[in-house]
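Here the protein sequences line up with chains P and B, keeping their order.
Using this note's numbering, you'd call the opening residue of the first sequence number 8 and step up by one each time.
Using this note's numbering, you'd call the opening residue of the second sequence number 8 and step up by one each time.
Glycine is no exception: its CB is placed at the ideal position from the N, C-alpha and C atoms.
Worksheet for the structure shown next.
2 protein chains.
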Amino acid sequence: MNGSDKPAFPPDFRARLHALLTWRRDVRRFRGEKLPPGTIERLVALAHLAPSVGLSQPWRFVLVETPARRALVRDNFTRCNAAALAAQAPERARHYARLKLAGLDSAPCQVAVFADHAARQGHGLGRHTMPETLDYSAVMAAHTLWLAARAEGIGMGWVSILDPAAVCAALEVPADWRFIGYFCLGYAETADTVPALESAGWERRRPAPELLIRR
Amino acid sequence: MNGSDKPAFPPDFRARLHALLTWRRDVRRFRGEKLPPGTIERLVALAHLAPSVGLSQPWRFVLVETPARRALVRDNFTRCNAAALAAQAPERARHYARLKLAGLDSAPCQVAVFADHAARQGHGLGRHTMPETLDYSAVMAAHTLWLAARAEGIGMGWVSILDPAAVCAALEVPADWRFIGYFCLGYAETADTVPALESAGWERRRPAPELLIRR
C-alpha cells in the first residue's frame with residue numbers, strides 16, 4: 008500500500024476520537040461479567056501496533072489467571088498501599104484511606120505489562136542515548152490497549168501501587184523483563200467524563216494552556 | 008454527566024480506530040507546509056486528556072521555534088547519531104548510515120516533551136513504589152498527541168537520538184523537568200502501513216501471539 012490508498016479520517020471520526028479520549032477513565036470498579044472469549048487476545052494484537060523505538064516491539068503481556076498468582080499480586084498491593092498511606096500527611100491520609108484504588112478484587116481480566124530489556128529486535132537503534140525508550144514503548148502499547156478496550160466498552164485501570172520485584176517474582180517472568188504496570192480490565196460499573204480522583208476530591212484536572220511554552 | 012450519557016463507539020468507529028493505529032507512522036520526511044495556526048495548541052489540549060498517575064498531569068510541552076535553539080538540537084542529534092553509528096557492528100553500520108533518522112531539517116513544527124518531577128499535583132498518589140510512572144504519564148500524553156495528529160492527516164516522528172542534558176540546556180527548561188522525547192510534526196511526504204524501518208530493511212514487525220503469555 009502507498010499514499011494513494013491512505014484512509015481518510017473524517018470530522019465525525021475525529022469527534023468520536025475526542026470522545027474516546029474524554030471518556031477513557033482509570034476504572035477501579037468493575038461489574039462481574041467476564042470478557043467474551045478471544046477479547047484480550049484481540050486487544051493485545053491491536054496494542055502490538057503501538058510505536059516502538061527502533062521497531063523493537065519490546066512489550067510483553069502476561070495474562071494473570073490463576074487465583075494463587077492473583078492473590079500474591081493483591082497481597083503486594085495491600086502492603087504497598089499501607090506504606091503509601093503512611094507517607095501521606097495526616098489530613099490527606101484520612102482522605103486517602105477512603106479512596107478505592109485497585110480493581111484487583113473485581114476485575115475479571117488482569118494483565119501485567121513488561122518491557123523485555125534482552126530483546127535484540129531493533130538492533131539497539133534509537134536507544135543509545137536514551138535506553139528508557141524501551142520502557143516508553145511498552146507504555147505506549149499499554150495505552151493503545153486502554154484506548155482499544157474503551158472503544159469496545161471495556162474499562163481499564165492501571166495499578167502502580169506495587170513493588171516491581173514482587174510482581175516479577177509472583178509471575179515468574181524472565182530476569183530481563185522490566186515491570187511497567189498491572190492492568191485490570193472489565194466492564195465498568197459506571198461511565199463518566201470526570202476522573203475518579205476528581206470525583207473523590209483528591210485532585211482536579213488543570214487547564215491545558217499553561218503546559219505549552221515556547222522557546 | 009453519568010453513565011446514561013455515555014457515547015457509543017459503533018463498529019465503523021472501531022474499524023477507523025484500527026486504521027488509525029495501523030497508519031500511524033514514525034514520520035521522518037515532511038513536506039514543507041506549515042501547520043495551520045492554532046493546530047499545535049489544539050493537539051496539545053487533546054494530549055492533556057491522557058491518563059496520568061494520581062491525576063498529576065506532569066507533561067510539559069515546549070514548542071521549539073527559534074532557529075538558534077533548533078540548530079542546537081540538530082547539532083546534538085548529529086553528534087549522538089555519529090556515536091550510535093559507531094556502536095553498530097560493521098555490517099549493520101553500513102546499513103545504518105543509509106537510514107534517514109531525523110525529520111529535524113524539514114519538520115515545520117517541533118515539540119519537546121518533558122515530565123515535571125517537581126509537580127505537586129496528584130499529591131504523590133500511585134508513585135510511591137514506581138516513581139517512573141510520572142515519566143510514563145508524559146509518554147502517554149505524547150502518544151495521544153501522535154494519534155490526534157494522525158487523525159488530522161498530520162505526521163509525527165519521535166527523535167530519541169539525543170542527549171537529554173543537552174536538550175534541557177538548549178531549551179533552558181527548569182532543572183526538575185525530565186526530558187522524555189523530541190517530536191517532529193508536519194505533513195508526511197508519503198503515507199504507508201509499513202514502518203519506515205521495515206521498508207528500509209532494518210527490522211521487521213513480528214507477529215503478536217508470542218507476546219501474550221499466561222500465568
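Rounded to whole angstroms, how far is the Cβ of alanine 57 of chain B from the Cβ of threonine 151 of chain B, which I believe are closer than 8 Å? About 4 Å; that satisfies the 8 Å criterion.
Out of B:Trp66, B:Arg185, B:Trp165, B:Ala126, state which residue places its alpha-carbon closest to the alpha-carbon of leucine 111 of chain B. B:Trp165
CB contact check: threonine 1 of chain P to chain B, cutoff 8 Å: There is no way to answer for residue 1 of chain P, as the model of chain P reaches only from 8 to 222.
When the cut-off is 8 Å and only beta carbons count, does threonine 46 of chain B lie next to chain P? no
Exposure of alanine 149 of chain B, with buried meaning 16 or more beta-carbon neighbours within 10 Å: buried
What residues are listed by DSSP as bridge partners for isoleucine 220 of chain P? B:Val69
Nearest candidate by alpha-carbon position, reference lysine 13 of chain P, set B:Thr200, B:Arg81, B:Glu217, B:Arg211: B:Thr200 is the residue among B:Thr200, B:Arg81, B:Glu217, B:Arg211 whose C-alpha sits nearest the C-alpha of lysine 13 of chain P.
Roughly how many angstroms separate the alpha carbons of methionine 137 of chain P and glycine 131 of chain P, rounded to a whole number? 10 Å
Within chain B, the residues that alanine 90 of chain P reaches when beta carbons sit closer than 7 Å: Going along chain B in sequence order, the residues near alanine 90 of chain P (Cβ under 7 Å) are His135.
Should aspartate 82 of chain B go down as buried or exposed, given a rule of 16 or more other Cβ atoms within 10 Å for buried? Exposed, since its Cβ has fewer than 16 Cβ neighbours within 10 Å.
For asparagine 9 of chain B, the three-state DSSP class (helix, strand or coil): Interpretation of asparagine 9 of chain B is limited by its pLDDT of 43, a score under 50 that renders its predicted location unreliable; the figure taken from the coordinates is listed afterwards. Reduced to three states, the DSSP call for asparagine 9 of chain B is coil.
Please state whether DSSP places arginine 213 of chain B in a helix, a strand or coil. coil
Three-state secondary structure (DSSP) at arginine 86 of chain P? helix
Same chain, Cβ closer than 8 Å to isoleucine 168 of chain P, five either side skipped, listed in chain order: Cβ neighbours of isoleucine 168 of chain P beyond the five flanking positions: Phe84, Cys87, Asn88, Ala91, Leu108, Ala109.
Taking 8 Å as the cut-off, decide whether the C-beta atoms of phenylalanine 190 of chain B and proline 171 of chain B are in contact. no
Quick one: is leucine 152 of chain P near chain B, going by C-beta distance under 8 Å? Leucine 152 of chain P does not count as touching chain B.
How about tryptophan 66 of chain P: is its C-beta nearer than 8 Å to some C-beta of chain B? Judged by the 8 Å Cβ criterion, tryptophan 66 of chain P is in contact with chain B.
Got a sec, what are the start and stop residues for the alpha helix (DSSP H) methionine 147 of chain B sits in? 140 to 158 is the extent of the alpha helix (DSSP H) around methionine 147 of chain B.
Nearest to leucine 192 of chain P by alpha carbon, out of P:Val51, P:Pro65, P:Arg21? P:Val51
Would valine 34 of chain B pass as a contact of valine 174 of chain B if the rule is Cβ separation under 8 Å? no
Taking the DSSP output, what are the residues bridged to methionine 163 of chain B? B:Asp33, B:Leu192
Shortest alpha-carbon distance to leucine 62 of chain B belongs to which of B:Arg105, B:Pro74, B:Arg127, B:Leu70? B:Arg127
Of all the CB atoms in chain P, is at least one closer than 8 Å to the CB of histidine 124 of chain B? no
Given alanine 122 of chain B as reference, the closest of B:Gly45, B:Thr197, B:Gln64 once Cα atoms are compared: Per the Cα distances, B:Gln64.
With 8 Å as the threshold, decide whether the Cβ of arginine 38 of chain B is near any Cβ in chain P. no
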